[in-house]
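The block underneath contains the structure these notes are about, expressed in C-alpha cells.
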Amino acid sequence: MFSGFMANAWEVATIVAITAGVVGFFVVLRGSAFPAHAIPNGAFAGAAGANLIGINPLIGLGVMSLIAALGIGSLSRRGRPDAVTALALVMMLALGAAFLSQSTEYEPQIFSLLFGEILGVSSREILPVALLGLACVLGVAALYRKLMLTSLVSEIAAARGVRPYRMEMAFLVILACATTMTVPVVGALLIFTLMIGPPAAARCFSDRPGLALLGSVAIALVTVWAAIASAYEMNWPVGFFVGAFSAAWYGIGRGYSAWHRTHASPLAR
Amino acid sequence: MGFLFEPGFFSSGPVHTAAAIGTVTAIVSAVVGVFTVVRSQSFAGHALTDVATAGGSGAFFLGLSPLVGVIGAGAMDLIGVQRVRSRDLATGVVLGAATGLAALFLYLDTTKSATTGATQQILFGSLFTIDPSTVPVVVVLSLATLVVIGVIHRPLLLTSVSAELASARGISVRTIGLLFMLALAVAVGLSSVAIGSILSTALLIGPPATALRTTRTVRHAMLGACALGIATTLLGILLAYDSFYWDSSAPIPVSFFIVALSFLSYLASGLPIVRRRVGRREAP
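Protein chains in written order, with my numbering: chain A, 2 to 270; chain B, 8 to 291.
This is how it looks when you write it as C-alpha cells:
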C-alpha cells in the first residue's frame, strides 16, 4: 500500500490536503464556496483546450483558472456575485465541452479531469504540485491578517485602509493557483469538497481562528489519507470517500457544537 | 434563407423534440430563475443540478432525479440554506457529498455496464438525443412547478425582498422558503437530466439575470426572461444543427451555443448604453 505508485499518491495527497485545508479555511470564512466550485470547473475547460491545441495541460489549467478568477472577481463588482459566478461557471464548462467535441479524447479522459486520478500520479508531477502548493500557503501567510480582517470585520478593515476589492481579487488568484495544482490530481469536483468539508467542520470545533486553521489542515489530512486507504482496499474511486468522509466530519462538527452549546457552563460561554 | 437554415431543419424529428423540451424548460427556468436570482440562491440552484445529476447517474433514468434533488434540497434546508450566513456553506456541504456519490455511481456505471458517453451525457447533455417518450413527464412536472410558484408567488416575492416585512404580515418566511427550494429542486432536477446540468444552470440564471438588469418590475423581468430563454434556446438549436454542415466530423454541442448566447446577452446587458436606456442601476 505504501510502495511504488502508491508512494506518489500519498505524497501528492498530503500536499493537496495541506493546501486545501489552508485555502479552504478562508473559502468558508469569506463565503466563497461558489467561486471555489466554479474556478476548478473553469480549469477543466483549460485542460481540455490545452489538450486540443497540444500544449502542456498545466499551462491551460493555469491560464483558464486565472481568467475564471479575475473574470468572476471583476464582473461581480457590477452585478450579483452569485449570478455572475453561475454564468461564468457554465460558460467555462460549455467551452470545455466544445473543446472536447473537437478533439478525439474520450470518456476516461473527462472522468479523470473531473474526478481526478490520484492513484495514477507520476513522480515528475509531484514537484510542480509542491511548488504551487507552497505558493498558495505563502500567499495566504503573507495576507493572513488582511484576509482575516476583511473576512470577519469588513468595517474595521476599511477603516485601516485595506481595500476589500483588492483582497477579494488576491484571494481569488490564490484560489486559482490552488486549483491549477490540484485539478490534475484530485479532479475539478473533489478539490471543492476538500475545501469545504474539513474547514467547515474545524470551525465547529474551535472559535479561535488560528486553532481552527490548524484543525482544518489536520482534518483535511485525515480525510485524504483515510480516503486513499479505503480506495486502495475497496477499489472504489477516491473521490467518493473524500466526499463521504468530508460530509461525515461536518456532521460530527455540527453534533459537537450542538452538544457543546447545551453542556458548556453558562460562565464559560 | 437556405443559407441560414440548413436542409432538413424543419422536418427533423430530433429538432422537434429538442425545440419542444427546450421551450418548456426555458419557460419554467425563467419563472423559477427570476426568484432564484432575486433571492441570491444561484449557488443552490446550480448545486441542485449536480445533486440531481448524482441521482441521475445512479439510476440513469428520468423518474428518480427530481426525487433525489428534493432530498438534496431538504438537506440544504436542514443545514441552513435559508440563513444568509450559512447559505453558502449549507449548499457547499451538500454539493460536496453529492459529488462524491456521483463519482461512485459513474464509476460503477462505466465499469459494470460499459456504457460509454455516460459522463458526457449527464454533464453536458444534448437536446438532440432526448427520448421523445420523456416529453410528457417533463411537461407534467413542469406544469406542477409552475402551479406551485403561481400559488405562492405573492408571499414569495415579499419574503424575497424583505423578510421582516413579510413576517410582520404573518407570512411564514421559512415555509415559503422551503416550498420554493422544493419547487426549485424539481424544476432543476428535471431539466438537468433532460438537457444536461450545464444547460440547466445556464437557462436558470442567464435569461433571468439579464432580464432583471434591463427591466423595472419583476413581472416584466419574468416575461423578458421567458422570451429571452426561448429565443436563446431556439437559436442555439439552429446553430448547432447548422454546425453539423460546417464540419460533419465534429459538430459543436448544442449546449455550447445556448450557454454562450446566454452569457453574451448577460454581458451585453451590462454595457453602458443598455444601462442608460433602462435608466436605473440594479438593486443590490
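Built from N, CA and C at the ideal position, the CB exists for glycine as well.
Quick caveat, the model's predicted, so the values are computed rather than measured.
- Could one say the Cβ of Val138(A) lies closer than 9 Å to chain B's Cβ atoms, at least one of them? no
- Does any C-beta atom of chain B lie closer than 9 Å to the C-beta of Asp208(A)? no
- Task: Name the two residues that bound the continuous alpha helix (DSSP H) containing Trp253(B).
- Result: 225-253
- Name the chain A residues that come within less than 9 Å of Phe135(B), Cβ to Cβ? Within 9 Å Cβ-Cβ: nothing; Phe135(B) doesn't reach chain A, min ~13 Å.
- Query: Hey, out of Trp253(B), Thr166(B), Thr221(B), Val145(B), whose CA is closest to Leu197(B)'s CA?
  - Reply: Of the candidates Trp253(B), Thr166(B), Thr221(B), Val145(B), the residue whose Cα lies closest to the Cα of Leu197(B) is Val145(B).
- Message: Quick check on Val6(B) - is its C-beta less than 9 Å from some C-beta in chain A?
- Response: Given a span of 8 to 291 for chain B in the structure shown, any question on residue 6(B) remains unanswerable.
- Query: Would DSSP call Leu278(B) helix, strand or coil?
  - Reply: Here DSSP, grouped into helix, strand and coil, assigns Leu278(B) to coil.
- Item | Nearest candidate by alpha-carbon position, reference Ala228(A), set Gly20(B), Arg94(B), Gly107(B) | Checked all of Gly20(B), Arg94(B), Gly107(B); the closest Cα to Ala228(A) is Gly107(B).
- Query: Which residues, in order along the region 82-100 of chain B, keep a beta-carbon less than 7 Å from a beta-carbon of chain D?
  - Reply: The structure shown contains no chain D; its protein chains are A and B.
- Item | Length of the line joining the Cα atoms of Ala160(A) and Thr151(A) | Annotation: Ala160(A) to Thr151(A) spans about 11 Å, alpha carbon to alpha carbon.
- Cα-Cα separation between Asp84(B) and Gly240(A), rounded to whole angstroms: One C-alpha to the other measures close to 25 Å.
- Message: Suppose you measure from the CA of Leu69(B) to the CA of Gly236(B); what does that come to, to the nearest Å?
- Response: Bear in mind that a pLDDT of 47 at Leu69(B), under 50, signals an unreliable position, so the number given afterwards is only what the model happens to contain. Approximately 23 Å between the Cα atoms of the pair.
- Give a yes or no on whether the C-beta atoms belonging to Ala179(A) and Ala46(A) are separated by under 9 Å. no
- Task: Please classify Ile253(A): does DSSP put it in a helix, a strand, or coil?
- Result: helix
- Beta-carbon proximity list for Ile265(B), same chain, < 7 Å, skipping 5 on both sides: Leu206, Ala209, Thr239, Thr240, Gly243
- Task: Apply the 10 Å Cβ neighbour rule to Val38(B) and answer buried if 16 or more other Cβ atoms are within range, or exposed otherwise.
- Result: Residue environment analysis places Val38(B) among the buried positions, since at least 16 neighbouring C-beta atoms fall within 10 angstroms of its C-beta.
- Message: Tell me which residues share the same chain as Arg255(A) and place their Cβ nearer than 7 Å to its Cβ, disregarding the 5 neighbours each side in the sequence.
- Response: Excluding positions up to five away in sequence, the list reads Cys205.
- Query: What residues of chain B sit near Met235(A), judged by a beta carbon separation below 8 Å?
  - Reply: Here the premise fails: no neighbours, minimum Cβ distance about 10 Å.
- Looking only at C-alpha atoms, which of Tyr166(A), Leu191(A), Ala230(A), Phe246(A) sits nearest to Ala202(A)? Ranking the options by Cα distance to Ala202(A), first place goes to Phe246(A).
- Message: Applying the 10 Å Cβ sphere with the 16-neighbour rule, what's the burial state of Ser123(A)?
- Response: exposed
- When the Cα atoms are used, what is the spatial distance from Ala216(B) to Ala84(A)? One C-alpha to the other measures close to 7 Å.
- Task: Return yes when the Cβ of Thr98(B) is within less than 9 Å of the Cβ of Ala131(A), no when it is not.
- Result: no
- What's the C-alpha gap between Trp237(A) and Tyr114(B)? Approximately 8 Å, taken between the alpha carbons.
- Could you work out which residue in Thr43(B), Val77(B), Phe42(B) is closest to Val58(B) when comparing CA atoms only? Val77(B)
- Message: Measuring straight from C-alpha to C-alpha, what distance separates Ala25(B) and Ile137(B)?
- Response: 7 Å
- Simplified DSSP assignment, three categories, for Gly47(A): Here Gly47(A) sits in helix by DSSP.
- Query: Looking only at C-alpha atoms, which of Ser250(B), Ala80(B), Leu96(B), Leu150(B) sits nearest to Ile28(B)?
  - Reply: Leu150(B)
- Query: With 16 as the cutoff for other CB atoms within 10 Å, does Glu171(B) come out buried or exposed?
  - Reply: exposed
- Message: Which residue wins for smallest C-alpha separation from Tyr172(A), given the options Ile16(A), Val29(A), Thr15(A), Glu12(A)?
- Response: Checking the displayed sequence, the identity of residue 172(A) turns out to be Phe instead of Tyr. Closest by alpha carbon: Val29(A).
- Item | Minimum C-alpha distance to Val64(A) - residue among Ala44(A), Gly25(A), Leu76(A) | Ala44(A)
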